[in-house]
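Note sheet for the following structure.
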Amino acid sequence: MVRAWRRTHLGSEADRATFRALHSASLASPALREGLTAGSAERSIRHLRALLGTPALALTDTAGLLAWDGTGQHHEARVPVLVTATVERGGTRSFDRADLPCEEPGCPVRTAVVSPLVVEERVVGTLQAFAPYPTAGLARATDEVAQWVSGQLELAELDASRRRLMEAEVRALRAQISPHFIYNSLGAIASFVRTDPDRARELLLEFADFTRYSFRRHGDFTTLAEELRSVERYLLLEQARFGERLQVTLGIAPEVLPVAVPFLCVQPLVENAVRHGLESAEGVGHIRITAHDRGQECVIEVEDDGVGEDPERVRRALAGDASLDSVGLGNVDARLRNAFGDDFGLVVETAPGAGTKVVVRVPKFAPGVHP
């Protein structure tokens, strides 16, 4: 009965071999998605050797060995020679006993198939499969596995490029918001130095904490709790400037506070509400900030009852029009889309005289996203 069950549920030997190959590839993939380094090579090479079923396997960069798995480690000294010969040719090569001299009796490493690892049309390393004798099947398999590894390394480079882009966007955002905010905050603090020294001291500490958070050097993401804490400091400083003209309402669901969000994704929206919604309005202005749980998503809303905006101007800001004085709207939209996909861009509801509402949706859990 057990044999019958296995035949029915596990399929043929070919099916089981396919499953084993896919399983080995899935185990190697996470390390390779970090790029080609000694650490990623060490963590992935055992699974890559399982894919090929060879006595030994080596992963290299263009300079030399990164990791070896299997028998015949006394051949490691020959690895750089095979790298040079393969990189010069630019394609898969086979090497025989003349290229791998060995005096060890019974050593299974007699021939090698070496395939280049290519990222963006540039050879970054090699995959070297060692066997007792050459076969056409091993050559094809090594070439196919090398192409798959190259694909994982391409994705790693894409991830790295995306991170560099996000870091550049955050730097641009800091450069954009800092002069305006710093000038106004220091002016507000200065106005209390003689009339209310204790309040001036408190505001100066809030200013220090805000700038420390805004200019921190680590992490593309933070928690919503940290982001809102920074927003609170920002609003305390702005209320020192506007006085009773600026009224703020917060409605935050506690369960969404640990959600990971892009660094500086809420504060620029609040600053826009103050600058463009209330600064030029007469009388008292209200800003409402809410965050609530919506199934698999966290929804954050920043709303003001100020002068509103031309929807076409907002469209241009979201498209990244640098000529517009809109603090970070396009920047935040781009970073949300880069982090979570195009379904998670900003939604802006506005019209002249009708105030502005900006809606931010972020998944509560996303692969690779953590504070």
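Just so it is clear: in the sequence shown, position 322 is 322 by the UniProt record's numbering, and no numbers are missing. Built from N, CA and C at the ideal position, the CB exists for glycine as well. Fair warning: this is a prediction, and the values are worked out from it, not measured in the lab.
- By the C-beta criterion, the stretch 194 to 201 is judged not to be in contact with the stretch 146 to 162, since fewer than 3 inter-stretch pairs fall below 8 angstroms.
- Counting along the chain, THR84 sits inside the alpha helix (DSSP H) bounded by residues 79 to 89.
- Per DSSP, the continuous beta strand (DSSP E) segment holding ASP69 begins and ends at 65 to 70.
- By the Cβ test, the stretch 236 to 248 is not in contact with the stretch 331 to 345, since fewer than three Cβ pairs between them sit closer than 8 angstroms.
- Under the three-state reduction of DSSP, THR92 is assigned to coil, being neither helix nor strand.
- Under the DSSP assignment, HIS47 falls in the alpha helix (DSSP H) whose first and last residues are 38 to 52.
- Less than 7 angstroms separates the beta-carbon of VAL256 from that of ASP293.
- A direct Cα-Cα distance of roughly 8 angstroms separates ASP209 from SER230.
- Here VAL358 is not near LEU228, since their CB atoms are 7 angstroms or more apart.
- Boundaries of the alpha helix (DSSP H) around ASP209: 197 to 214.
- As the crow flies, the alpha-carbon of VAL145 is around 57 angstroms from that of GLY308.
- Within the same chain, Cβ atoms closer than 7 angstroms to the Cβ of LYS364 are found at VAL259, GLN296, GLU297, CYS298, the five residues on either side in sequence being excluded.
- As computed with DSSP, LYS357 is found in a beta bridge with GLU303, GLU349.
- Per the coordinates, the alpha-carbon of HIS276 lies some 10 angstroms from the alpha-carbon of ASP304.
- Burial state of ARG335 is buried, judged by a 10 Å Cβ sphere holding 16 or more other Cβ atoms.
- The C-alpha of GLY125 is placed about 10 angstroms away from the C-alpha of VAL114.
- A distance of 7 angstroms or more separates the beta carbons of THR92 and ASP61.
- GLN128 is bridged by DSSP to ALA58, VAL114.
- Taking a C-beta distance under 7 angstroms as the contact criterion, ALA31 and ARG43 qualify as a contact pair.
- Collapsing the DSSP output to three states places GLN239 in a helix.
- Membership of ARG288 in the beta strand (DSSP E) is indicated by the continuous run 285 to 294.
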